[in-house]
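Scroll down for the structure; my scribbles are underneath it.
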Amino acid sequence: MHHFGKVTEMIRSEILKELVPIISDHLVVCNIGLPSQELHSIDDQPSNFYMLGTMGLASSIGLGLALSQKEKVISIDGDGSVLTNLGTLPTIANNIANNFILLIIDNGSYGSTGDQPTYAGKKTSLSAVAKACGCENVIECKAEDTVVAVRDAIEGNQMTIIVCKCDSGNVKVPVITMDPVVIRDRFMKEVVSKNT
Amino acid sequence: MSIEDKIVNDFVKNDISFVTTVPCKQLAGVIGKIEECEDIYHIPSNKEDEGMGLCAGAYMGGKKPAIIMQNTAIGVTINTLVTLTQYYRLPLPMLISYRGELGEPVACQVEMAVHTKALLNQLNIPTYHFHKEEDVEELDKILQYTFMCNKPVAILTDASFWKGY
């Protein structure tokens, strides 16, 4: 497979920008590195839990959160991070939380470390892996269809895995300097207020 | 009351309602009791760092979590303990089978046993070692302590405590 003559698709930061109006009312657990930094610079708010370290665990944190309270939870993950913690998919499949949405922004590369290619951009299909793991509601979509897919998932009442295929590429954004305990504390207060 | 029942009772008494486990032969009995307990959501994980992520989410969702795992897991979870559990100041009781101690039949387990306490010490993780059956009497206080100080706390349980492998 080659990419000659490929029409330029959206990159992660453009998808996040489009998603903000739809996800800003919901609890969001965001992946380490550039995804968190981009979300933070576009729309910082207490309902966002930014991961400052620990690659791979955005989906696990999101699932634990979804299983422990009633509000909708959206984990924004990446293909590289899901590959790092591939064991998460059987756990998700076998512990159904209908308030949980896992959005995998699959740009086929490790964006935060210099766009090295991942296997998800080669022969490995994360949506096929998710299905094989037992996830029942798996959607693979193009970058431009992500907003509709996420909106449908939020309006539906079924655990959903969305694999959004997009281009690799990053924008320049500052690192998050907020203290982790502050991120956690304001997020937990938001969880409580949304549940009451 | 069996050791296993006492452990699960203390979990419930301390409002622990979300428990993730990665199995160990020494822990089979307590994992079985966790699975049976109606007050606890038992979520087996495929790797211990994944389990710590689940516990972090559960805690932020308002549930008190715990992880049950083998001491070999210290080797796979150092980054998670440091950059998630400790960095965000999250409480996490870790009930750990201390393999590779007296009574151990599998030589390879000793290789991680010799590093276990040194690693926990290096990570500044409060560590308790259950060697005799009556040591379990301290579990209730250890759990209270964990959720008082918002730290990961290790409870090492060896083969002598479990009365054999």
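If you read the protein sequences in the order shown, they are chains A and B. Number 54 in my numbering belongs to position 54 of the first sequence; there are no gaps in the numbering. Number 288 in my numbering belongs to position 92 of the second sequence; there are no gaps in the numbering. By construction, the Cβ of each residue, glycine as well, lies at the ideal position given by its N, Cα and C atoms. Small disclaimer: the values here were computed from a predicted structure and weren't measured.
8 angstroms Cβ cut-off: residues of chain A touching residue i
| i | result |
| --- | --- |
| residue 343 of chain B | Those do not exist, as residue 343 of chain B stays about 14 angstroms from chain A at its closest Cβ, beyond 8 angstroms. |
| residue 284 of chain B | 180, 181, 183, 184 |
| residue 214 of chain B | 64, 67, 68 |
Within chain B, the residues that residue i reaches when beta carbons sit closer than 8 angstroms
| i | result |
| --- | --- |
| residue 62 of chain A | 253 |
| residue 191 of chain A | 256, 257, 258 |
| residue 159 of chain A | Neighbours of residue 159 of chain A on chain B: none; closest Cβ ~14 angstroms, over 8 angstroms. |
| residue 57 of chain A | 245, 246, 248, 249, 252, 276, 280 |
Residue i burial status per 10 Å Cβ neighbour count (16 or more: buried)
| i | result |
| --- | --- |
| residue 148 of chain A | exposed |
| residue 118 of chain A | buried |
| residue 304 of chain B | exposed |
| residue 175 of chain A | exposed |
| residue 318 of chain B | exposed |
| residue 178 of chain A | exposed |
| residue 84 of chain A | buried |
| residue 29 of chain A | buried |
| residue 197 of chain B | exposed |
| residue 69 of chain A | buried |
| residue 123 of chain A | exposed |
| residue 155 of chain A | exposed |
| residue 347 of chain B | buried |
| residue 296 of chain B | buried |
| residue 350 of chain B | buried |
| residue 196 of chain A | exposed |
Residues that residue i contacts on chain A, provided the C-beta gap is smaller than 7 angstroms
| i | result |
| --- | --- |
| residue 242 of chain B | 87, 90, 91 |
| residue 317 of chain B | The premise fails here: residue 317 of chain B is roughly 22 angstroms from chain A at the closest Cβ pair, so nothing lies under 7 angstroms. |
Alpha carbon of residue i to alpha carbon of residue j, nearest angstrom
| i | j | result |
| --- | --- | --- |
| residue 10 of chain A | residue 144 of chain A | 7 angstroms |
| residue 260 of chain B | residue 343 of chain B | 8 angstroms |
| residue 328 of chain B | residue 357 of chain B | 5 angstroms |
| residue 152 of chain A | residue 227 of chain B | 38 angstroms |
| residue 115 of chain A | residue 31 of chain A | 16 angstroms |
| residue 121 of chain A | residue 87 of chain A | 19 angstroms |
| residue 4 of chain A | residue 12 of chain A | Unreliable positioning characterises residue 4 of chain A in this predicted model, as indicated by a pLDDT of 49, which lies under 50. The coordinate reading is nonetheless provided below. When rounded, the distance between both Cα atoms is 21 angstroms. |
| residue 35 of chain A | residue 204 of chain B | 39 angstroms |
| residue 2 of chain A | residue 112 of chain A | Bear in mind that a pLDDT of 40 at residue 2 of chain A, under 50, signals an unreliable position, so the number given afterwards is only what the model happens to contain. About 23 angstroms. |
| residue 352 of chain B | residue 292 of chain B | 5 angstroms |
| residue 125 of chain A | residue 171 of chain A | 26 angstroms |
| residue 136 of chain A | residue 320 of chain B | 42 angstroms |
| residue 44 of chain A | residue 56 of chain A | 22 angstroms |
| residue 219 of chain A | residue 206 of chain B | For chain A, the structure presents residues 1 to 196; residue 219 of chain A sits outside this window and is missing. |
| residue 269 of chain B | residue 59 of chain A | 20 angstroms |
| residue 285 of chain B | residue 187 of chain A | 13 angstroms |
Where the beta strand (DSSP E) through residue i begins and ends
| i | result |
| --- | --- |
| residue 340 of chain B | It is not in any beta strand (DSSP E) - residue 340 of chain B instead sits in the alpha helix (DSSP H) that spans 335-345. |
| residue 213 of chain B | 212-217 |
| residue 106 of chain A | 100-106 |
| residue 352 of chain B | 348-353 |
| residue 165 of chain A | 160-165 |
| residue 239 of chain B | 237-240 |
Under 9 angstroms by beta carbon: chain A residues contacting residue i
| i | result |
| --- | --- |
| residue 239 of chain B | 63, 64, 67, 91, 94, 95 |
| residue 207 of chain B | Within chain A, no residue comes near residue 207 of chain B; the closest Cβ sits about 16 angstroms away, beyond 9 angstroms. |
| residue 357 of chain B | Result: empty, since nearest Cβ-Cβ is about 29 angstroms, beyond 9 angstroms. |
Element boundaries [alpha helix (DSSP H), containing residue i]
| i | result |
| --- | --- |
| residue 251 of chain B | 244-256 |
| residue 121 of chain A | Per DSSP, residue 121 of chain A belongs to no alpha helix (DSSP H) and is neither H nor E. |
| residue 140 of chain A | Premise fails: residue 140 of chain A lies in the beta strand (DSSP E), 138-142, not in any alpha helix (DSSP H). |
| residue 80 of chain A | 79-84 |
| residue 90 of chain A | 88-94 |
| residue 176 of chain A | No alpha helix (DSSP H) holds residue 176 of chain A; DSSP gives it neither H nor E. |
| residue 194 of chain A | 180-195 |
| residue 228 of chain B | 224-232 |
| residue 146 of chain A | 146-155 |
| residue 221 of chain B | No alpha helix (DSSP H) contains residue 221 of chain B, which DSSP labels as neither H nor E. |
| residue 359 of chain B | Per DSSP, residue 359 of chain B belongs to no alpha helix (DSSP H) and is neither H nor E. |
Residues that residue i contacts on chain B, provided the C-beta gap is smaller than 7 angstroms
| i | result |
| --- | --- |
| residue 53 of chain A | 279, 280, 283 |
Within chain B, partners of residue i - CB distance below 9 angstroms
| i | result |
| --- | --- |
| residue 10 of chain A | Going along chain B, no residue has its Cβ under 9 angstroms from residue 10 of chain A, so there is no contact; the nearest lies around 28 angstroms. |
Cβ-heavy atom distance, residue i to the ligand NAD, below 7 angstroms
| i | result |
| --- | --- |
| residue 248 of chain B | Here there are no bound small molecules, and the ligand NAD is not part of this structure. |
Q) Mind pulling the alpha helix (DSSP H) runs of 4 or more residues that sit fully within the region 15-65 of chain A? A) 34-43
Q: Let me know the beta strand (DSSP E) ranges lying completely inside the region 247-331 of chain B, each 3 residues or longer, listed in chain order.
A: 260-266, 288-293, 323-326
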